[in-house]
Structure formats: C-alpha cells, structure tokens
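Everything on this sheet refers to the single structure shown next.
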Ligand SMILES: [Zn+2]
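Residue numbers (the numbering used here): 6 to 90.
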C-alpha cells in the first residue's frame, strides 16, 4: 500500500479509476471549485464520499482540478508497484 492509497483508504486500482473519471469529467464539464466529480465517482463505486473527500483535502485536493494535480498525478496510472495492485 502506498502513502496515497493509505490516506485515501482505497486501492490503487480504484485510485487510477478515479483519476481517469475526474480527468474526463473536468474536460467535459470543467471545475466549479468543489469535489462534485470526485463525489459522483465515489457514489457510483460504493466509496464513502465524505471520507474520500477528507483524505483528498489532506493531500491538497480541495476541488476536482486540484485533486487531479495534487492527489492523482498522471504517473499514478503507471505505478504497478502496490502490494494490492
Ligand atoms: Zn478546481
């Protein structure tokens, strides 16, 4: 388990899924200064949205575009060294 998945309490596969979802949503709809895309993903995937939001804010992600930049960098998608991958 990496630092990020530990803080966010989701697996690296889910983290990569969240990154892809938020990236697409931001391209399509933009950021409105909230975590609405992140929360939408969490709801769809059965993840506790408030808990996830708290973890993301701890990593510097206070809105969807910050989540992508601060919490879900692109290299994450090519980081298969997690024990839970
Ligand atoms: Zn933003």
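A virtual CB, placed ideally from N, CA and C, is assigned to each residue, including glycine.
All values reported here derive from a predicted model rather than from experimental measurement.
Between the CA atoms of residue j and residue i - distance to the nearest angstrom
i: residue 61; j: residue 33; result: 22 Å
i: residue 64; j: residue 20; result: 13 Å
i: residue 27; j: residue 56; result: 17 Å
Neighbourhood of residue i by C-beta, 8 Å cutoff - its chain only, sequence neighbours within 5 removed
i: residue 48; result: 54
i: residue 41; result: 69
i: residue 39; result: 68 and 69
Close beta carbons around residue i, own chain, < 7 Å, minus the five adjacent residues each side
i: residue 14; result: 56 and 60
Using only Cβ atoms and a threshold of 5 Å, which residues come within that distance of a heavy atom of ligand 1? Order them by chain position.
36, 68 and 70
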